[in-house]
Amino acid sequence: MGWGSSLGVGLVCLVSVSMVWSSVNGIGANWGTQASHRLPPDTVVRLLRQNGFQRVKLFDAEYDTLRALGRSGIEVMVGIPNDMLLTLATSVKAAEKWVAKNVSTHISNNNVNIRYVAVGNEPFLETYNGTFIKSTYPALQNIQSALIKAGLSNQVKATVPLNADVYASSDGLPSGGDFRAEIRDLMIAIVKYLSDNGAPFTVNIYPFISLYIDSNFPVEYAFFDGNASPIVDGKATYYNMFDANYDTLVWALQKNGFGNLPIIVGEVGWPTDGDRNANLVYAQRFNAGFMSHIAGGKGTPMRAGPIDAYLFSLIDEDAKSIQPGNFERHWGIFYYDGSPKYQLNLGTTNTGTLVKAQGVEYLEQRWCVMRPSAKLDDPQIAPSMSYACGLGDCTSLGYGTSCGNLDARGNISYAFNSYFQINNQLDTACKFPNLSMTTKTNPSVGTCRFPIMIKPYYGGAGSLQKLPGSLAAALVLLLLTLV
809 MGWGSSLGVG LVCLVSVSMV WSSVNGIGAN WGTQASHRLP PDTVVRLLRQ NGFQRVKLFD
869 AEYDTLRALG RSGIEVMVGI PNDMLLTLAT SVKAAEKWVA KNVSTHISNN NVNIRYVAVG
929 NEPFLETYNG TFIKSTYPAL QNIQSALIKA GLSNQVKATV PLNADVYASS DGLPSGGDFR
989 AEIRDLMIAI VKYLSDNGAP FTVNIYPFIS LYIDSNFPVE YAFFDGNASP IVDGKATYYN
1049 MFDANYDTLV WALQKNGFGN LPIIVGEVGW PTDGDRNANL VYAQRFNAGF MSHIAGGKGT
1109 PMRAGPIDAY LFSLIDEDAK SIQPGNFERH WGIFYYDGSP KYQLNLGTTN TGTLVKAQGV
1169 EYLEQRWCVM RPSAKLDDPQ IAPSMSYACG LGDCTSLGYG TSCGNLDARG NISYAFNSYF
1229 QINNQLDTAC KFPNLSMTTK TNPSVGTCRF PIMIKPYYGG AGSLQKLPGS LAAALVLLLL
1289 TLV
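Converting from the sequence shown to this note's numbering requires adding 808 to each position, the first position being numbered 1.
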């Protein structure tokens, strides 16, 4: 996910649903890889297949990932990161080289079933301040031209995954929908280009973000239980935000002469941690409700028929930027190790439940915690906590989170352990001055899990990544007050 979606954020499970639940067609997943310890690509492909996923959406075109998808039968959407758009926009040869390396080669040599190229990811987010406004459309055109030259344009379609903030309603009703004024002409040009080349409009819709940014947003309207006060728009009645948002786009397309353009929901889902509204109960409720909602193939009031959508996301990513919010690392329907977070029926397995990843190897069962003899007023605690959180992952700490009920000592232990695990349990990673010690007693308590990291994967292009960014020092002070 990019920031700003009410509108959207990296797993997406693609769900293309036919007229009956029993014939769900094309379940897929957004597979993001911004993790300190990635599952091996072969393991993830087995996970996809065992859970009946038939499609996957990627955010880049990493060689190891695509190689693992070869001969799997899984339909693939490869991604082009935003930081590559300018190069591809200004050079036809660069686009041709990209297609040759990341599409043609994998199709011909590795039998990868590539069907889409995602040109950028939510490049028109308002928070990007227009950074990609001039480069996205030319990049799309050059990639499409390269696909044509490679003889792949009938098989592979180029699209641009966009955040739902590219359109809005003038009166708050779907029928008032149109593209955002400052990019309207550009959006119409892109839409026409997609239509001319038989490509879909890809949009990311996030009811969670609407709730996150607006405390007055009606919670029930984010879900599919029919408990919300409906919104009436002419002859249409809306009982949930997803349908209303989707139809706002349908109206925008229709008003501009493209009412029949196919739509793919590139991302839709609910995070499980990092915010008071990001939890297992809400995530299960949303995703289960969404699957049931689209299972009948009824569509929305403005667009009848099956809905293609990618649930966000497949696996948690502990190295993602937390600029949008601490929830950003917790969108997966699976934890970092490929274990299911909750029961979810995708309609693809005999049991109707998620199947965990097989053959996952873990580090030793030991943790780094605060010494019982250490004092909370030790002047080294604040800088040690800041360091551990900055290079580890403390997004499960804080108000309303899975570890929000820990006391100060528990918060410190969690931070120390996160740094220790991310650094492969190196002895030197549990050497906070007179503050820390290793233990073989699991410190997990209640809903708060102190994880044991999986063994690192070192593959050709898949070496470990360093964590970006850090939590604010203010968080450290906050956590220390939670006694």
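We put the beta carbon where it would ideally sit given N, CA and C, even for glycine. The structure presented is a predicted model; accordingly, all values stated were derived computationally and were not measured.
For residue i, is the classification buried or exposed, using 16 other Cβ atoms within 10 angstroms of its Cβ as the cut-off for buried?
i     : result
E1136 : buried
A908  : exposed
A1182 : buried
L1234 : exposed
M885  : buried
K1043 : exposed
V880  : A small fix is needed here, since residue 880 is Ser in this sequence, not Val. The residue is buried, with at least 16 neighbouring Cβ atoms inside 10 Å.
A1293 : No answer is possible for residue 1293: it lies beyond the span of the chain, which begins at 809 and ends at 1291.
R854  : buried
K1128 : buried
N1225 : buried
S1221 : buried
T1249 : exposed
S912  : buried
A989  : exposed
A1196 : buried
E930  : buried
G1167 : exposed
R923  : exposed
G1133 : buried
L1200 : A small correction: the amino acid at residue 1200 is Gly; Leu does not occupy that position in the sequence shown. Per the 10 Å Cβ criterion, buried.
Y1020 : buried
T898  : exposed
K901  : exposed
S1147 : exposed
V1040 : exposed
N794  : Because the chain spans 809 through 1291 in this model, residue 794 falls outside it and cannot be assessed.
F1228 : buried
N1087 : buried
D1004 : exposed
Considering only the alpha carbon of each residue, which of the options lies closest to residue i?
i     : options                       : result
Q1151 : W1139, A1117, P1187 and N1095 : N1095
R846  : T1236, N1232, A1237 and V1253 : N1232
N1153 : D868, S1100 and D973          : S1100
N1048 : L1122, D1004, R1257 and I1102 : I1102
L933  : A958, N1134 and I1013         : I1013
S1210 : R1257, K1239, I1230 and A1182 : R1257
Y1265 : N838, D850, P1109 and W839    : D850
G1105 : G1097, P1114 and F1098        : P1114
Y1143 : D1124, Q1131 and G1155        : D1124
K1263 : I998, P848, G1212 and T873    : P848
W1078 : S1221, N1035, R1093 and L1069 : R1093
V753  : M995, P1008, E883 and N1064   : The displayed coordinates of the chain run from 809 to 1291. Any statement about residue 753 would go beyond what the structure contains.
G1254 : I1189, H1138 and G1218        : G1218
K1239 : N1068, W1175, K942 and I1072  : W1175
D1081 : L856, S1204, A989 and T939    : S1204
T967  : V925, S916, Q842 and P1241    : V925
I888  : A1007, N910 and P1191         : N910
Y1170 : I1230, K957 and T898          : I1230
R992  : N1064, L1069, G1212 and P1191 : N1064
W906  : G878, I941, S916 and A869     : A869
N1053 : A958, F867, T939 and A972     : A972
M1261 : D1116, T944, I1141 and Q1173  : Q1173
S1252 : D1004, D1186, S1147 and N1213 : N1213
A1112 : L1069, S1244 and L1122        : L1069
N890  : N918, G928 and L866           : G928
D755  : P1038, V1089, L981 and G1034  : Nothing about residue 755 can be read from this structure; the chain reaches only from 809 to 1291.
F940  : A876, M995 and G1206          : M995
N1085 : T935, G1006, G1206 and S1037  : G1206
K942  : G1208, A997, G1140 and K957   : A997
How close, in whole Å, do the beta carbons of residue i and residue j come, if the pair is a contact with beta carbons under 8 angstroms?
i     : j     : result
L1184 : A1223 : That pair is no contact at about 14 angstroms.
A1298 : L893  : The structure shown does not extend to residue 1298, since the chain spans only 809 to 1291, so no value can be given for it.
Y1118 : G1074 : 5 angstroms
T1360 : L970  : This structure cannot speak to residue 1360, because the chain is shown only from 809 to 1291.
N950  : L896  : 6 angstroms
D1145 : T1108 : The pair is not a contact, with the Cβ atoms about 36 angstroms apart (cut-off 8 angstroms).
F1032 : V1076 : Their Cβ separation, rounded to whole angstroms, is 11 angstroms, which puts F1032 and V1076 out of contact at 8 angstroms.
F1066 : V999  : 5 angstroms
G1267 : D1022 : Wrong, their Cβ atoms sit about 42 angstroms apart, outside the cutoff.
E904  : A954  : 4 angstroms
L874  : V864  : L874 to V864, Cβ: 10 angstroms. No contact.
If you measure from the CB of residue i, is any heavy atom of the ligand HEM nearer than 8 angstroms?
i     : result
D1215 : The ligand HEM is not part of the structure shown, which contains no ligands of any sort.
### Message
Which complete alpha helix (DSSP H) runs does the segment 1136-1220 hold, if anything under 4 residues is left out?
### Response
1189-1199
### Query
How about the segment 1158-1172 and the segment 858-869: do they share at least three Cβ pairs that are nearer than 8 angstroms?
yes
### Task
Identify every run of the alpha helix (DSSP H) within the segment 917-997, keeping only runs that are complete inside it and at least 4 residues long; order them along the chain.
944-957
### Query
Any chance the segment 1052-1061 sits against the segment 967-984, with 3 or more Cβ pairs inside 8 angstroms?
yes
### Message
Using a Cβ distance threshold of 8 angstroms, determine whether the segment 1022-1034 contacts the segment 980-999, with at least three qualifying pairs required.
### Response
no
### Message
Please give the ranges of any alpha helix (DSSP H) in the segment 1002-1047, keeping only runs that are unbroken, at least 4 residues long and fully inside the region.
### Response
1015-1021
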